[in-house]
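Worksheet for the structure shown next.
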Amino acid sequence: MNALIISNVGLWLVVIVLLIVLLAVTRQLGILHERIAPTGALMLSKGIKVGEAVPKVPVQDLDGASHTIGAPSAAGRATLLVFVSPTCPVCKSLLPILKSSLTAERTWLDILLASDGDIDAQRSFVHSQRLGGFPYVVSSGLGIAYQVSRLPFAALIDSNGILRARGIVNSREHLESLFEAKRLGFGTIQADSGSMARHEAA
Amino acid sequence: MLDPALGYIVVLSLVVLLGAAALHKLQAPNDFVQVLAAYRLLPGCVAPIAAQGLPLVELATGFALLLPGSRRVACIAAAGLLTIYGCAMAVNIGRGRRDIDCGCRLVSDRRPIATWMVIRNACLATAALSILLPWASRPLAAVDALTIAAGALSAALLYVSIDALCSLSVRSPDIIRNQ
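Residue numbers (the numbering used here), protein chains in the order written: chain A, 75 to 276; chain B, 485 to 663.
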């Protein structure tokens, strides 16, 4: 009887330790799942097409300044519109990259953050993530105009109000792929690699 | 015939599940009202009352499960709650509203509803009803306490692991509807 009890205790211990390990592995898997993202800003089939003029949407940022998204810029500056949300974890990891792009690309590019939802939550998000350097717009009309379904989503609009590139951006590579796509004249990096593949085949 | 040790494992696991569910809801009452309203099953004026009442019902059910006298009623109530939640999700999946928050963990993690949650609830409800089977009468030994405690702990850990694993297979939309 004693031997059975000891073996029982031992087995339960092993079962519980194994379950804790299993839990840790599934958690780790979840973290990996979040980190692994498709390469290249992903093009969504719906919404405004690259090369088309974007609708002019008048908006106000959190500081009360007015902007007209899509209006031609007299100074010849392009606009990068980035849709983010306080509840989206990937957005938070993208913010430092956006901050560095703001300084690195300041000669030709304005970056605007756009979101939707509770104003107080947005204000505390701006405060906690130190987003004072960006105009921050809260507008549901903007997200609908650009057919944003997944975040973080970016749209690059040139100085004439023409959409140059758009897609989901999860990393620095995705963001730079948008700039690269504009430089090369392709709407998305996928269109670019597609044409390269055709070129190689020929 | 259900062995009492097995029976107590199921009872204890359900108590932990109901307690945790009630605790999540009580910690974020405003979020739960929103979640409940998003299911679009209750009229607008009833949802806030139901949001306050449900965690209390869950707590009461959990407590009643612990008492031998009220156990049979409580396990039917627990199975009923699980079935109602499962049906609410199934109805919204049927409506095509797969992007609403399931309300499983509220503040800590927002997740859309999915078919596997309906299956999970059906399995849990069946487990709750298994307590209604006649229990074998045998004296419980000291080693049974170990079986019951370790069994319930294992069940809870397994539940959390399966939950985390199933959530991975669902590509969660980053925007979850609030209305």
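Using N, Cα and C, we set each Cβ at its ideal position, and we do this for glycine too.
As the structure is a prediction and not an experimental result, all values here were calculated from the model.
(request) Go through its chain and collect everything with a Cβ distance to residue 602/B's Cβ below 6 Å, but skip five positions before and after it. (result) By the criterion of a C-beta distance shorter than 6 Å, residue 602/B is surrounded in its chain by 570, 573 and 574, once the five residues flanking it on both sides are discounted.
(request) Locate the beta strand (DSSP E) running through residue 210/A, then write down its first and last residues. (result) According to the DSSP assignment, residue 210/A belongs to the beta strand (DSSP E) that extends over 210 to 212.
(request) Using a Cβ cut-off of 8 Å (strictly closer), state whether residue 212/A contacts chain B. (result) Not an interface residue.
(request) Determine the direct distance from the alpha carbon of residue 539/B to that of residue 510/B, and round the result to whole angstroms. (result) If I take the Cα positions, the gap works out to 7 Å.
(request) Compare the beta carbon distance of residue 156/A and residue 172/A with 8 Å and say whether it is the shorter of the two. (result) Cβ distance < 8 Å, so residue 156/A and residue 172/A count as in contact.
(request) Figure out for me which residue from 250/A, 193/A, 82/A and 204/A has the closest Cα to the Cα of residue 134/A. (result) The shortest C-alpha to C-alpha distance from residue 134/A to any of 250/A, 193/A, 82/A and 204/A is the one to 193/A.
(message) Contact criterion: CB-CB distance below 8 Å. Does residue 644/B meet it with respect to chain A?
(response) Yes, its Cβ sits closer than 8 Å to a Cβ of chain A.
(request) Say whether chain B places a C-beta atom closer than 8 Å to the C-beta of residue 105/A. (result) Residue 105/A does not count as touching chain B.
(request) Going by DSSP, name the residue or residues bridged to residue 500/B. (result) BP columns for residue 500/B are empty, so no partner.
(message) Check for me: the beta strand (DSSP E) holding residue 140/A runs from which residue to which?
(response) DSSP places residue 140/A inside the beta strand (DSSP E), whose first and last residues are 140 to 143.
(request) Using the Cα positions of residue 644/B and residue 537/B, report the straight-line distance between them to the nearest angstrom. (result) As the crow flies, the alpha-carbon of residue 644/B is around 25 Å from that of residue 537/B.
(request) May I ask you to list the residues that DSSP assigns as paired with residue 157/A? (result) DSSP, once it has assigned bridges, lists 188/A and 227/A as partnering residue 157/A.
(request) Answer with yes or no whether the minimum CB distance from residue 90/A to chain B is below 8 Å. (result) Yes, its Cβ sits closer than 8 Å to a Cβ of chain B.
(request) Would you please verify whether the beta carbon of residue 594/B is less than 8 Å from any beta carbon of chain A? (result) True, the Cβ-Cβ gap to chain A drops below 8 Å.
(request) Check residue 146/A in the structure and name its three-state DSSP category. (result) In this structure, residue 146/A counts as coil in the three-state DSSP scheme.
(message) Please classify residue 201/A as buried or exposed, where buried requires at least 16 neighbouring CB atoms within 10 angstroms.
(response) Within a 10 Å sphere around the beta-carbon of residue 201/A sit fewer than 16 other beta-carbons, which makes this residue exposed.
(message) To be precise: take each residue of the segment 626 to 650 of chain B, compare its Cβ to all Cβ atoms of chain A, and keep it if any distance is under 7 Å. Which residues remain?
(response) Using a CB distance below 7 Å, the part of the segment 626 to 650 of chain B facing chain A consists of 627, 630, 634, 637, 638, 641, 642, 644, 645, 648 and 649, ordered along the chain.
(message) If we define contact as Cβ-Cβ less than 8 Å, is residue 101/A a contact residue for chain B?
(response) By this cut-off, residue 101/A is an interface position.
(request) Might you give, ordered along the chain, the residues of its own chain that have their beta carbon closer than 6 Å to the beta carbon of residue 535/B, omitting 5 neighbours on each side? (result) Within the same chain, and ignoring the five residues on either side of residue 535/B in sequence, the residues whose Cβ sits closer than 6 Å to its Cβ are 516, 517 and 520.
(message) Looking at the secondary structure, which residues open and close the beta strand (DSSP E) in which residue 239/A lies?
(response) That run of the beta strand (DSSP E) goes 237 to 242.
(request) Kindly list, in the order they appear in chain A, the residues whose Cβ is closer than 8 Å to that of residue 652/B. (result) Neighbours of residue 652/B in chain A, taken as residues whose beta carbon is under 8 Å from its own, are 100, 103, 104 and 107 in chain order.
(message) What would DSSP say about residue 133/A, mapped onto helix, strand or coil?
(response) In this structure, DSSP gives residue 133/A an extended state, which the three-state scheme calls strand.
(message) Can you look up residue 85/A in the DSSP assignment and give me helix, strand or coil?
(response) Looking at residue 85/A - three-state DSSP - the assignment turns out to be helix.
(request) Count the other C-beta atoms from every protein chain shown that fall within 10 angstroms of the C-beta of residue 487/B, then say buried if there are 16 or more, exposed otherwise. (result) Flag for residue 487/B reads exposed.
(request) Helix, strand or coil for residue 272/A, going by three-state DSSP, please let me know. (result) Caution applies to residue 272/A, whose pLDDT of 46 falls short of 50 and renders its modelled position unreliable; the model cannot decide the point.
(request) Assign residue 272/A to buried or exposed, taking buried as 16 or more other Cβ atoms, counted over all protein chains shown, within 10 Å of its Cβ. (result) Only weak support exists for where residue 272/A lies, its pLDDT of 46 falling under 50; the value from the coordinates is given anyway. Residue 272/A should be labelled exposed.
(request) For residue 82/A, go through chain B and note every residue whose CB falls closer than 8 Å to its CB, in chain order. (result) Those are 627, 630 and 631, listed as they occur along chain B.
(request) For the alpha helix (DSSP H) holding residue 576/B, just list the boundary residues, first then last. (result) Element bounds for residue 576/B: 555 to 579.
(request) Find the nearest neighbour of residue 195/A within the set 146/A, 136/A and 84/A, judged by alpha-carbon distance. (result) Here the closest residue by C-alpha is 136/A.
(message) Do residue 146/A and residue 235/A count as a contact pair if the criterion is CB distance below 8 Å?
(response) Taking 8 Å as the Cβ cut-off, residue 235/A and residue 146/A qualify as a contacting pair.
(request) Would you mind working out which of 594/B, 568/B, 639/B and 525/B sits nearest residue 508/B, comparing C-alpha positions? (result) Here the closest residue by C-alpha is 594/B.
(request) In angstroms with no decimal places, state the Cα-to-Cα distance between residue 531/B and residue 584/B. (result) If you take the alpha carbons of residue 531/B and residue 584/B, they lie about 16 Å apart.
(request) Would you list the residues sitting across from residue 619/B in a DSSP beta bridge? (result) As computed with DSSP, residue 619/B is found in a beta bridge with 486/B.
(request) Could you name the residues of chain B that residue 155/A contacts, counting a contact when the two beta carbons are closer than 7 Å? (result) Ordered by position in chain B, no residue passes the 7 Å Cβ test against residue 155/A, which lies about 16 Å from the chain.
(request) Anything in chain B within Cβ reach of residue 218/A, meaning under 7 Å, just list it in chain order. (result) Chain B residues near residue 218/A: none, gap ~12 Å exceeds 7 Å.
(request) Closer than 8 Å by beta-carbon distance: list the chain B residues that pair up with residue 97/A, in chain order. (result) Here the neighbours are 641, 644, 645 and 648.
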